[in-house]
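Inspection log for the structure reproduced underneath, given as structure tokens.
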Amino acid sequence: MANVQEKYDVAEALIGASTPSGGAIWAVAARETALANLRQMGAPHRRDEYWKYTNPTSLTAVDPLAADLFHTTEVRPFEMLDRIKLVFVDGIFDAAQSDDLSVDGVEIELLSDAMAKDIHWASSLYGVLEARGQSPVARPLAALNTVQAVQGFAIRVTGKAAKAISMVYLRGSETGDAMVHHVIKLEQGADLTLTENGPLAARANTVMEVEVADNAAFHHVRSQGRDHQRRAATHIFTQLGQESSFKSFTLTVNGRLTRNEAVIEFLGDNAHATVAGACAGDGDFLHDDTIFITHDAVNCESRQVFKKVLRNGATGIFQGKILVKAGAQKTDGYQLSKALLLDDDSNFMAKPELEIYADDVACSHGSTCGEIDDDAMFYLTSRGIPFKIAQDMLTLAFLHEALEEIENPVIAEDMGARLSDWMERRTG
Amino acid sequence: MNMDVQVKDGVDQETVDAVQTVGEKYKYGFETDIETEYAPIGLNEDIVRHISAKNEEPQWMLDWRLEAFARWKNMIEPEWAMVHYPKIDFQSIYYYAQPKSMAEKKPKSLDEVDPKVLATYKKLGIPLKEQMILAGVEGAEDAPAEGRKVAVDAVFDSVSVGTTFQDELKKAGVIFCSITEAIQECPELVKKYLGTVVPPSDNFYATLNTAVFSAGSFVYIPKGTKCPMELSTYFRINAENTGQFERTLIIADEGSYVSYLEGCTAPQRDTNQLHAAVVEIVIEKDAEVKYSTVQNWYPGDENGVGGIYNFVTKRADCRGDRAKVMWTQVETGSAVTWKYPSCILRGDDSQGEFYSIAIANNYQQADTGTKMIHLGKRTKSRIVSKGISAGRAQNTYRGLVSMHPKAKNSRNYTQCDSLLIGDKCGAHTVPYIEVKNNSSRVEHEATTSKVDDEQMFYCRQRGMGEEEAVALIVNGFAKEVLQALPMEFAMEAQALVAISLEGSVG
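Chains as they are written, first to last, in my numbering: chain H, 308 to 735; chain F, 49 to 554.
Below, the structure written as structure tokens:
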């Protein structure tokens with residue numbers, strides 16, 4: 308096929324000369340493995356099955372396209388949390404703007420420091436979960452991140468974290484790439500809330516590898532906010548132990564291109580995972596949620612809940628997959644993707660997949676797409692509610708189903724308010 | 049098949065039994081011992097010429113085949129389906145085989161038909177009366193029909209043995225004959241429509257079929273005509289190491305209606321055999337076509353040895369406004385199935401429906417589904433797919449629903465359920481949904497609550513539980529089809545009616 312060579316050429320161009328060297332033996336080995344994987348799979352290509360709806364060209368161009376800076380005076384999300392703030396500017400950690408790294412129950416270390424130590428717990432995670440997540444679906448941009456990332460944190464949680472950890476990704480430059488890679492380990496019974504917000508860079512590539520040990524709980528809330536021209540490819544790789552819990556929610560309001568991948572693997576019995584998202588997009592907006600959940604343990608529950616509101620020609624994509632391995636009995640898999648198209652120019656593509664090798668399981672998937680329900684509009688307008696307001700009410704009600712997946716009510720309320728603002732602004 | 053399968057709670061025992069019955073000894077695995085004439089083994093341009101010459105085709109047909117063959121040589125076999133099988137050696141297959149008796153002269157009466165060929169159809173359960181007609185016995189058409197009449201085109205390896213009720217159909221203006229006859233006798237019609245729904249470049253197996261096809265049926269229903277009887281083609285592979293590559297073309301002109309049934313069986317052998325067919329259906333304004341298949345090719349034995357590779361391209365093009373097509377398939381056979389009967393809903397208000405029951409036992413692998421391409425305004429489609437896997441079988445539903453920007457106010461409803469019997473098999477779902485306008489509504493659900501609301505209301509109102517009502521309605525589709533099948537499918541129909549999807553996995 309004609310595209311094959313192109314994939315490898317693009318991969319080589321991306322690898323370029325900027326690959327970091329040095330560090331502990333395990334760090335060097337992890338980079339080498341990722342490099343070998345990347346060379347073997349090539350860069351993402353439009354003809355790849357999992358890139359058929361999102362053209363990866365702008366993510367794989369050697370030089371990222373410039374993106375105008377976006378200025379806003381609105382309060383940033385997660386300000387109301389009792390938290391440790393870790394600030395990155397253009398993808399580089401800024402200690403001056405950040406809080407002190409000490410918090411009870413959590414060890415926070417710069418990734419570059421961790422990778423210099425010969426003996427470090429991160430050696431069992433860095434690039435390891437990412438490499439596992441490359442099969443059966445290749446994720447070349449994540450491998451590239453493992454090869455090149457120097458920024459990020461190694462976070463180990465030993466008990467209930469006294470405060471949330473908040474990553475704030477600021478952008479000060481109109482051009483440039485940023486790569487951030489976090490490794491997070493929740494020991495048995497640990498509990499952590501981690502938030503992320505901000506664009507990071509004109510083009511961001513992030514990887515988060517999370518190990519959730521038995522009985523541990525990880526809450527992740529992310530706000531990909533109002534930066535109209537930024538592009539981002541994010542990846543979460545996680546492994547879940549017995550009776551553990553993993554909850555991730557992402558709010559996306561605009562941005563030129565967003566590809567959020569989550570790869571979740573159940574290894575211990577009776578665990579739970581939720582991946583949810585609400586997105587509201589305008590115009591030149593493409594939002595892609597690509598989820599892969601592997602059930603390899605008994606009696607685990609997974610939920611995928613994604614809601615997208617699209618207008619002025621925006622595109623929403625959902626590619627979700629539940630794989631139930633042989634023996635993963637009593638699995639309960641739920642997958643929901645719904646899109647509301649506010650006008651005729653917007654698009655929605657979905658591929659809700661199931662692959663099941665165990666007989667005593669319940670997996671359901673639902674996917675719907677359409678405009679605002681006429682009957683509901685009639686009901687509201689006949690009760691004297693103006694047309695526009697009725698439309699907004701129904702649109703927000705539609706998005707709220709995803710917001711319900713957020714455990715923290717304060718955060719859920721804040722996310723809801725941001726969506727209301729989006730509705731009111733009408734354009735962006 | 050042994051009975052020690054551990055079945056999870058909630059799965060209906062009657063269903064388990066029915067699926068096991070289907071997976072038990074293949075009833076049509078016998079071989080007819082007759083002298084067969086083959087084209088030389090393998091595939092090259094000369095074979096393409098040979099097939100064309102055998103069918104006494106005009107030059108344009110040969111050119112068409114050669115062009116496809118040249119293209120096919122550079123094509124790559126598709127690998128995206130969730131099926132695994134050893135690489136096919138396309139040079140070790142016979143591309144043309146016919147009973148020697150047929151090679152000399154087409155039989156005109158019962159006496160002239162090779163009795164062994166007749167015996168084969170008798171054994172397959174085609175009613176005697178039809179056999180008589182098949183053999184062209186005079187006066188048979190005046191004999192009182194038992195129940196409904198079904199005209200049959202019987203295909204044996206690469207040739208059509210005969211087509212029944214042709215005269216009666218002719219009176220109604222309906223043309224029903226083998227594609228080979230049609231190319232000779234109504235070339236203008238064939239030329240106008242052949243390859244317009246499934247172009248020669250469509251996919252690897254369709255291109256192969258274009259180069260080497262022989263036999264298959266041709267149907268033309270003229271304007272405003274309701275076909276006076278159901279039409280049916282019965283495909284039988286008999287010769288060893290032989291592929292079957294039939295091509296069917298159905299044209300329903302404005303305001304016409306036809307119901308077409310297709311059945312297929314093959315002998316039980318240790319080697320795999322290839323079946324790569326193409327079915328094209330053209331539906332003009334206000335016309336309706338129902339296409340039903342009972343696919344019962346030899347599925348291989350309980351260890352996965354032998355069986356048919358069934359790689360089929362079927363597509364209906366609703367060209368006119370309010371055109372309607374309904375695909376119904378009962379898939380119980382074949383070692384490997386790769387089949388996606390599709391609907392192009394081009395005309396405004398056109399409708400496409402796809403109902404499928406796929407049952408895979410032992411080591412069978414089925415990757416099947418449909419494509420609904422909505423191009424016209426207010427087009428509607430409905431997909432109901434039931435996949436059942438037992439033993440070590442893998443069953444995949446793969447489907448596409450595409451709403452183009454101009455397909456305003458269109459609707460799709462998809463429901464696909466899978467049932468696993470035992471813990472060694474697999475059930476997979478790969479739906480693609482592409483929506484490019486906002487007035488269309490697409491619903492893809494694995495839940496059972498979205499069957500026709502009125503039917504649901506009717507059942508619920510009479511005190512039926514929701515599950516029960518859905519089972520009744522969904523099975524109702526199947527039963528309606530199963531009961532409409534010709535006599536030779538009575539056995540399968542009876543076995544399948546008992547199936548319910550209680551305890552589905554998703």
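Here a beta-carbon is modelled for each residue, glycine too, at the ideal position from N, C-alpha and C.
Please read these numbers as outputs of a predicted model, since none were measured by experiment.
* Asked: Using a C-beta cutoff of 8 Å, does THR480 (chain F) count as contacting chain H?
  -> Before going further, note that residue 480 (chain F) is Tyr rather than Thr in the sequence given. Chain H, which has a Cβ nearer than 8 Å to the Cβ of TYR480 (chain F), makes this yes.
* CA-to-CA distance, VAL369 (chain H) to PHE402 (chain F), given in whole angstroms -> 46 Å
* Just curious, the alpha helix (DSSP H) that GLY723 (chain H) is in, first and last residue? -> 716–732
* If you draw a straight line from the C-alpha of ARG610 (chain H) to the C-alpha of PHE553 (chain H), how long is it? -> 10 Å
* Asked: Among F:GLU104, F:CYS391 and F:TYR411, which has the Cα closest to the Cα of GLY348 (chain F)?
  -> F:TYR411
* GLU62 (chain F): which of F:CYS507, F:PRO479, F:ILE469 and F:SER487 sits nearest, CA to CA? -> F:ILE469
* Where VAL499 (chain F) sits in the DSSP three-state scheme -> Reliability of the predicted coordinates at VAL499 (chain F) is poor, the pLDDT of 47 falling under 50, and the value obtained from them is presented with this limitation in mind. Here VAL499 (chain F) sits in coil by DSSP.
* Asked: Can you name, in chain order, every residue of its own chain whose Cβ lies under 6 Å from the Cβ of PHE293 (chain F), other than the five neighbours on each side?
  -> ASN257, VAL260, PHE261 and ALA324
* To the nearest angstrom, how far is it from the Cα of ILE231 (chain F) to the Cα of SER206 (chain F)? -> 15 Å
* Figure out for me which residue from H:ALA646, H:GLU503, H:MET422 and H:ILE696 has the closest Cα to the Cα of GLY677 (chain H). => H:ALA646
* Note down, in chain order, every chain H residue with its Cβ under 7 Å from the Cβ of ASP471 (chain F). => ALA633, ALA665 and ASP666
* **Span of the alpha helix (DSSP H), counted from its first residue to its last, around ASP215 (chain F)** => 214–219
* Do the region 533–545 of chain H and the region 496–514 of chain H meet, that is, are 3 or more Cβ pairs less than 8 Å apart? -> yes
* To do: Please confirm whether ARG566 (chain H) and THR340 (chain H) have their CB atoms less than 8 Å apart.
  => no
* Proximal residues of chain H, C-beta to C-beta of SER491 (chain F) below 7 Å -> Reading the sequence as shown, one finds Glu at residue 491 (chain F) and not Ser. Here the neighbours are THR675.
* Drop a sphere of 10 angstroms on the beta-carbon of GLU328 (chain F), count the other beta-carbons inside from all chains shown, and report buried for 16 or more, exposed for fewer. => buried
* Same chain, Cβ closer than 7 Å to GLY195 (chain F), five either side skipped, listed in chain order -> The pLDDT assigned to GLY195 (chain F) is 44, lower than 50, so where the model puts this residue is not dependable, and the model offers no usable value.
* Could you pull out every residue in the same chain whose Cβ sits closer than 7 Å to the Cβ of TYR76 (chain F), ignoring the five residues on either side in sequence? => LEU172, THR313 and ASN344
* Which of helix, strand or coil DSSP assigns to LYS239 (chain F) -> helix
* To do: Taking C-beta pairs closer than 8 Å, name the residues in chain H that HIS476 (chain F) reaches, listed in chain order.
  => GLU660, LEU661, GLU662 and ILE663
* Endpoints, beta strand (DSSP E) assigned at PHE625 (chain H) -> 622–631
* Classification of PHE505 (chain F) by the beta-carbon crowding that lies within 10 angstroms, buried from 16 upward -> exposed
* **Own chain partners of GLY381 (chain F) with C-beta closer than 6 Å, once the 5 adjacent residues on each side are dropped** => GLN343, ASN344, TRP345 and PRO347
* Asked: Which residues, in order along the region 392–418 of chain F, keep a beta-carbon less than 8 Å from a beta-carbon of chain H?
  -> none
* Expressed to the nearest angstrom, what Euclidean distance is found between the alpha-carbon atoms of ASP699 (chain H) and PHE556 (chain H)? -> 22 Å
* Quick one: what's got a C-beta closer than 6 Å to ASN443 (chain F)'s C-beta in the same chain, skipping five residues either side? -> ALA406, ALA408, ALA414, GLY435, SER437 and ALA475
* Asked: DSSP beta-bridge partners for VAL464 (chain H)?
  -> H:VAL413 and H:LEU493
* Cβ neighbour criterion (16 or more within 10 Å) applied to HIS132 (chain F) -> exposed
* What residues in the region 345–360 of chain F bring their beta carbon closer than 8 Å to a beta carbon of chain H? -> none
* For GLN455 (chain H), name the three-state secondary structure that DSSP assigns. => helix
* In chain order, what residues of the same chain lie with their CB nearer than 6 Å to the CB of ILE718 (chain H), ignoring the 5 residues before and after it? -> VAL528
* In the region 462–543 of chain H, which residue ranges form an unbroken beta strand (DSSP E) of at least 3 residues, counting only runs that do not cross its ends? -> 471–477, 484–493, 498–504, 510–519 and 524–531
* For TRP333 (chain H), which of H:ASP406, H:ALA429 and H:PRO363 has the nearest alpha-carbon? -> H:ALA429
* Asked: At what residues does the alpha helix (DSSP H) containing ASP420 (chain H) begin and finish?
  -> 418–421
* To do: Please decide whether LEU648 (chain H) counts as near chain F, where near means a Cβ-Cβ distance under 8 Å.
  => yes
* Asked: Whole-angstrom Cβ separation of PRO447 (chain H) and ALA318 (chain H), contact assumed at under 8 Å?
  -> 7 Å
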